[in-house]
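Note sheet for the following structure.
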Amino acid sequence: MKKMAVYPGSFDPFTKGHENIVNKALDLFDEIIIGIGVNTTKSTLFTLEKRIEHIKSLYPNQDRLKVISYSGLTSDFCKQHHSKYIIRGLRNGKDFDYETPISQTNKILAPDIETIYLTSDLEYSYIQSTIIREIHKSGGIIDTFVTNAHILVK
Ligand code: ADP
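The sequence shown runs 12 to 165 under the working numbering.
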């Protein structure tokens, strides 16, 4: 049976840090679903369509990766796609503190689903989507932090 994992996030935008985590996950799993969580109460800078188009552009020949949006619980999304694993990326201890109660709560909601933490490589661990959005909003260039940024900003 194929080993599937869901990598959920808002990816507003999808950075080189996220890319680093996906590349590690592709070494561990047969198939990765990048799940773009749509939260009706949370507005994003980049539209859902742009984020999907951008992420897909990074993996044009990778048939082991899908990009799908979802609303509702991540654990329900995992069940729907027969994934027993959720991937989360850790940059530092603050991420660990934030992620731990989420993964523990998910374990109660869906005991069969395991959260796997992958640590980002040092050169990507400072990258934050929040800062990149601020740079973009102020007219700065985000290419250093985002591969194929032209797709997002066109
Ligand atoms: P969310 O809104 O769910 O926190 P994000 O798009 O901000 O979604 O992040 C998705 C996942 O990627 C989270 O697990 C986050 O910790 C991780 N992540 C974000 N930036 C980086 C980075 N630079 N390196 C590694 N992991 C990262």
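We treat Cβ as the ideally placed atom computed from N, Cα and C, and that holds for glycine.
Note that the structure is predicted; figures quoted are calculated from it, not measured.
From which residue to which residue does the beta strand (DSSP E) around residue i run?
i     : result
ILE98 : 96–101
GLY28 : Unbroken run through GLY28 is the alpha helix (DSSP H), 27–39; no beta strand (DSSP E).
SER80 : 76–81
GLU42 : 42–48
TYR18 : 15–20
Tell me which residue opens and which closes the alpha helix (DSSP H) that residue i is part of.
i      : result
ILE124 : Element bounds for ILE124: n/a, residue is neither H nor E.
ILE162 : 160–164
ILE146 : 140–148
ASP154 : Careful: ASP154 lies outside any alpha helix (DSSP H) and carries neither H nor E.
GLU64  : 59–69
Measure the Cβ-Cβ separation of residue i and residue j and say whether it is below 7 angstroms.
i      : j      : result
VAL17  : ILE44  : yes
ILE162 : GLU64  : yes
LEU69  : ARG144 : no
ARG99  : THR58  : no
ASP23  : SER140 : yes
SER94  : ALA121 : no
LEU129 : LYS27  : no
When you measure from the CB of residue i to every non-hydrogen atom of the ligand ADP, does any distance come out below 6 angstroms?
i      : result
PHE88  : no
SER54  : no
GLY20  : yes
ILE32  : yes
GLY28  : yes
TYR135 : yes
ARG62  : no
ARG144 : no
ILE124 : no
In angstroms, rounded to a whole number, what distance separates the CA positions of residue i and residue j?
i      : j      : result
LEU101 : HIS29  : 10 angstroms
ASN7   : ARG62  : It is not possible to answer for residue 7, since the shown part of the chain is limited to 12 through 165.
GLY150 : PHE156 : 15 angstroms
THR52  : LEU39  : 34 angstroms
ILE79  : LYS67  : 10 angstroms
With a threshold of 7 angstroms between beta-carbons, can residue i be considered close to chain D, or not?
i     : result
ARG99 : Of the protein chains in this structure there is only one, and it is not chain D.
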